[in-house]
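Notes to accompany the following structure.
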Amino acid sequence: MGILEVKGVGKRFGGLQALGNVNLSVQENTVHAIIGPNGAGKSTLLNCLVGKLIPDEGSVTFAGTSVLGKKPHEINQLGISRVFQTPEIFGDLTVMENMMIPCFAKRDGAFRMHAIESMEAETDLIAKAEAMLEDVGMLEKREMIASSMSRGDKRRLEIAMCLVQEPKLLLLDEPTAGMARADTNNTIALLKEIKEKRDITIAIIEHDMHVVFSLADRITVLAQGTPLVEDTPDMIKGNPKVKEAYLGETQQV
Amino acid sequence: MKKNILGLNPKDTKFLLIVVFLTLFTPILLQPFAAGSELAQFNGGYPDLMQKIAIFGIFAVGFNILFGLTGYLSFGHAAFLGIGSYAAVWMFKLLTMNVIPGILLAMVVSGLFAAAIGYVSLRRSGIYFSILTLAFAQMCYKMAYSVLTPLTNGETGLQLTLNDPRILDGAQQGSSLPVTNIFGLAMNSSYKVEALGRVFTFNVGFYFCAVIAILAFYVAIRLFRSPFGMMLRAVKSNQQRMTYTGLDPKPYTLAAFVISGMYAGLAGGLLAAMDPLAGADRMLWTASGEVVIMTILGGAGTLMGPVLGAGVIKYLENIFSKINEGVLHDWFSFLPDGVEDVVIWVFARFTGEGWHLTLGVTFMLVVTFLPGGLIEGLKRLASRIRNGSQKRDKYDDPDPEHRPDPGKRVAGE
Amino acid sequence: METILLQLLNGLDKGSAYALIALGLTLIFGTLGVVNFAHGALFMIGAFCAVTLSRLLNLSFETVDPTRTDFLGNPLKVKTPYVEAWFGPDFGHALIDWSVPLAILFSIPIMIAVGFIMERGLIKHFYKRPHADQILVTFGLAIVLQEVIKYVYGANPISTPAPDAFKGSFDFGALLGFDPNLIIYPYWRLIYFGFAAVVIGAVFSFLQFTTFGMVVRAGMADRETVGLLGINIDRRFTLMFGLAAAVAGMAGVMYAPILSPNYHMGMDFLVLSFVVVVVGGMGSLPGAVAAGFLLGILESFASMNWIKDIIPGIDQIIIYVVAIVILLTRPRGLMGRKGVMEE
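Residue numbers (our numbering), protein chains in the order written: chain A, 6 to 258; chain B, -13 to 399; chain C, 5 to 347.
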């Protein structure tokens, strides 16, 4: 029984069957990659997991709880954090404030009116946020306005914001899309470090095979809205069905 | 750890002290010119104006909690001001002329209205939110004129009468209307002091408003610096990230809406406490526009901005309206005749009756060239004076009020 | 039955005005992505074009008529409009009488020019700024325009009559077999409705059947792609702004005999027109027209006495109630497209 269980999920947009009978089981403390050519339904699947879309059929269970019909913030409170394709951070706020917000969300839930307390009094949370920033090597940037940083730093910050919540499952949506090679390698190194240091399950959607093969324990190949195969990276590399699905796609193995 | 007074950091304490100083000494500060001198007309130290500055300062500070922090632009906040006024006058009619219960009721009632209107309006964002609030405010305005006449007294406006019950005040004495008071001290009583050739008026009503304004400002500082205030800025910055961080933006925004509605209600209650009369005009959407202008002109999202905006607008409104062509003639009499006529003609368009034109033009200029408002203008000026022409990275500034492009994003985009 | 018919007719002229203003508003929003709070001011300027032309035509010189005396026994001073002197009394008088319809011709170039100046001088700089800034700057502009008009024409409404030929009313009842005088409807309002129908039809066929309109419609759907095709959209959008201004202006000219122009009429109509646009669906032209008539007619029905007896004051607030209900149940409005102004 995996921490995330997807059973028979289907989703239609008008006449288009975006997902059909998707079964997926993500085991605890593994890195599970979901790959597939463009239009294979990777993003749709991800959106079904985080509550942005509601599947037409099937079930999605996280740590024994059904996430269907729950709002994104409720699903996050269950322990799923999501990293977006383009870094989604609080651009107008400082790096430190960006870190404090998930700390509050983790401790106080979806809403709490702490209107009179001062920020300085929250020493525990500040220490936690600073430790996390230290971990990702951004402590010296704590007072910077987030939107003024480089894309690589924004990505780093976003990952730190997710990790500080100590999620059970970290979802990464093409975390290196549009990045320069150096930034991509940095991100891979960061993710590897996270994987080694923490007990965390990671599900990653990725286009870049280099990223996938350096990180993943298991890989699910999605094609035309259904899982084609699920196996270890080594087995996937040699699988002819996968090659066929990617025919015409540029491969970066 | 630096020592914090009243839970404020040194910078905020400085802000608070500035506001305390400005408000408490307004009667002196706004009376800089000797009585009888030619410039005496620019003195603003009379009770009516000073009260308005304090009251609209409260209104703008409250509006800023919603617009400045969350980016939701309400075009209907005057409705809460009007509702507050009606509630307070009813309290004066039914219970007592002591202003405290009236003002409390004003805040409660407008808070309830804000909760209801906010709950519905906040289901949409961006321009739809603006139009929903506008529609609700216009509805309140029209209803005050029609269906709700028994409550609002329609076009005449709600006024005190001699046969109001006023349960707590006991039997009516004499044939004149009672005045609003605070535990017996009449709001309209003033103490005049003559010193240095000037007449300073210390008015009870003004000081009452001033103390409340300082309290309101203090609460706003605490709120700005609290985790709640940070969440509100997060709403403005990125709602998507907020939901995926496990936070629900709706209750945060609604709370901000209700708080700012209560500030408006407080301002409305104070208006009624100064002059126990409430009319639907206060709810007209142009009145909502006025508080928007004050906040933006001063600097949305900053602490001092709205206070400054309200003060500047109310003062200039008063002064500009008084400058007629006769005054202009005195000023420009040194010019040759033809030139003088032209100059006076031009100036006359912007003064006296033309005040609204000045306001509109200034507002357009500020929105176009200085989106951070007067506060940003002052900061730019100050940093230019301090550092000469040396360019500074805007992100170096640790001052949280000096953020890039304040007020440049609207929620829901 | 006859009351229903009467209210339907009564709703038409107001609905026409709403539809015309909302049409321009949504056209500007759809093409330029700008929320224009100064659009009501364009309607007002149009109405004052009618006032101006009627004043120009009435410019007179004074002559002394020695054959007649006034009540003090002095020779009577007679004012003769220049146009009567130039074109002869009959034609001159007709010109003055027909000043409002003539003002349409007079207003079109003026409104297009005003639209051009507004777009090039101000709005252009706000395309990339947030909607809140656009609202704020156009709100400021609306105040400025209103104050300028107030300075030039004063604060009081200026009565601007329709041509004599259209004074009086048309007896619809008699036409349809009801008793005479049951359903009477002023000719001018009938003309206003017809005029609005023609203008709306013209705008739609312009957008539908010309290449220019095609590009504009494509731009409304996807501005970036059309820009990539190498078509200069900005210039066309400037023209669109001029067109929208002209539509609002003509609506104002023709409305002058119905509502004596005053300086705050723009603001009054603006709020309602915004509600109309939102009800119709932001960026939807047919939606704006449909919602304009719908709300105009609803408003007129709500002012019927028996309805007011059931729900007092409903006539004052019906439009807002409808708007709130529609916004909450159909977030995109009646005919709104997906993706317009959404998060």
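For every residue, glycine included, the Cβ atom is placed at its ideal position computed from N, Cα and C.
Query: With DSSP as the reference, please indicate the residues paired to residue 10 (chain A) in a beta bridge.; Result: A:30, A:66
Query: Output, in chain order, the set of chain C residues within a Cβ distance shorter than 8 Å of residue 228 (chain B).; Result: Chain C residues near residue 228 (chain B): none, gap ~12 Å exceeds 8 Å.
Query: What residues in its chain sit with their C-beta under 8 Å from that of residue 176 (chain B), if we drop five residues either side in the sequence?; Result: 33, 187, 188, 189, 190
Query: With a threshold of 8 Å, are at least 3 pairs of Cβ atoms found where one atom belongs to the region 140 to 148 of chain B and the other to the region 264 to 274 of chain B?; Result: yes
Query: Residue 220 (chain B) to residue 76 (chain B), Cα distance in whole Å?; Result: 39 Å
Query: Can you find a C-beta in chain C that's less than 8 Å from the C-beta of residue 331 (chain B)?; Result: no
Query: Within the same chain, show all residues whose beta-carbon is closer than 8 Å to that of residue 247 (chain A), passing over the 5 residues directly before and after it, in chain order.; Result: 226, 233, 234, 241
Query: In its own chain, which residues sit with a C-beta less than 6 Å from the C-beta of residue 126 (chain B), not counting the 5 before and 5 after it?; Result: 65, 269
Query: Residue 249 (chain C): which of C:18, C:53, C:8 sits nearest, CA to CA?; Result: C:53
Query: Nearest to residue 64 (chain C) by CA position, among C:75, C:88, C:74, is which residue?; Result: C:88
Query: Just the C-alpha distance for residue 327 (chain C) and residue 282 (chain C), rounded to the nearest angstrom, thanks.; Result: 7 Å
Query: Apply the 10 Å Cβ neighbour rule to residue 3 (chain C) and answer buried if 16 or more other Cβ atoms are within range, or exposed otherwise.; Result: This structure cannot settle anything about residue 3 (chain C), because the visible part of chain C is limited to 5 through 347.
Query: Can you tell which of C:154, C:102, C:122, C:174 has its C-alpha closest to the C-alpha of residue 246 (chain C)?; Result: C:122
Query: Checking contacts by CB at 8 Å: is residue 93 (chain A) closer than that to chain B?; Result: yes
Query: Using only the alpha-carbon positions, how far apart do residue 114 (chain A) and residue 351 (chain B) sit?; Result: 43 Å
Query: What do you get for residue 21 (chain C), buried or exposed, if any count of 16 or more other CB atoms within 10 angstroms of its CB means buried?; Result: buried
Query: Below 8 Å on the Cβ atoms is my contact criterion, and I expect residue 311 (chain C) with residue 346 (chain B) to pass it. Report the Cβ-Cβ distance as a whole number of Å.; Result: Actually they do not touch by this definition, with Cβ atoms about 39 Å apart.
Query: What residues of chain B sit near residue 317 (chain C), judged by a beta carbon separation below 7 Å?; Result: 129, 132, 133
Query: Would you list the one or two residues that DSSP bridges to residue 189 (chain C)?; Result: C:174
Query: Between the alpha carbons of residue 44 (chain B) and residue 58 (chain B), how many angstroms are there, rounded?; Result: 19 Å
Query: Looking only at DSSP bridge pairs, what is residue 145 (chain B) linked to?; Result: B:263
Query: Cα separation between residue 48 (chain B) and residue 206 (chain B)?; Result: 8 Å
Query: With DSSP collapsed to three states, give me the class of residue 165 (chain B).; Result: coil
Query: As a quick exercise: from A:156, A:144, A:151, A:121, pick the residue whose alpha carbon is nearest that of residue 209 (chain B).; Result: A:121
Query: For residue 306 (chain B), which of helix, strand or coil comes out of DSSP?; Result: helix
Query: Quick one: list the residues of chain B neighbouring residue 43 (chain C), beta-carbon separation under 9 Å, in chain order.; Result: What residue 43 (chain C) touches in chain B: nothing, since even the nearest Cβ is about 13 Å away.
Query: Distance, Cα to Cα, residue 294 (chain B) vs residue 211 (chain C)?; Result: 48 Å
Query: Mind listing the chain B neighbours of residue 32 (chain A)? Cutoff is C-beta to C-beta under 7 Å, in chain order.; Result: Result: empty, since nearest Cβ-Cβ is about 24 Å, beyond 7 Å.
Query: Would the beta-carbon of residue 108 (chain B) fall within 8 Å of that of residue 99 (chain B)?; Result: no
Query: Out of curiosity, what's the CA-to-CA distance linking residue 271 (chain C) and residue 150 (chain C)?; Result: 9 Å
Query: Please decide whether residue 280 (chain B) counts as near chain A, where near means a Cβ-Cβ distance under 8 Å.; Result: no
Query: Assign residue 271 (chain B) to one of two classes, buried (16 or more other C-beta atoms within 10 Å of its C-beta) or exposed (fewer than that).; Result: buried
Query: Is any beta-carbon of chain B found at less than 8 Å from that of residue 320 (chain C)?; Result: yes
Query: Are the C-beta atoms of residue 249 (chain B) and some chain A residue less than 8 Å apart?; Result: no
Query: Using a Cβ cut-off of 7 Å, which residues of the region 232 to 257 of chain B contact any Cβ in chain A, in chain order?; Result: 232, 233, 234, 237, 238, 241
Query: Using the three-state DSSP reduction, which class does residue 261 (chain C) fall into: helix, strand or coil?; Result: coil
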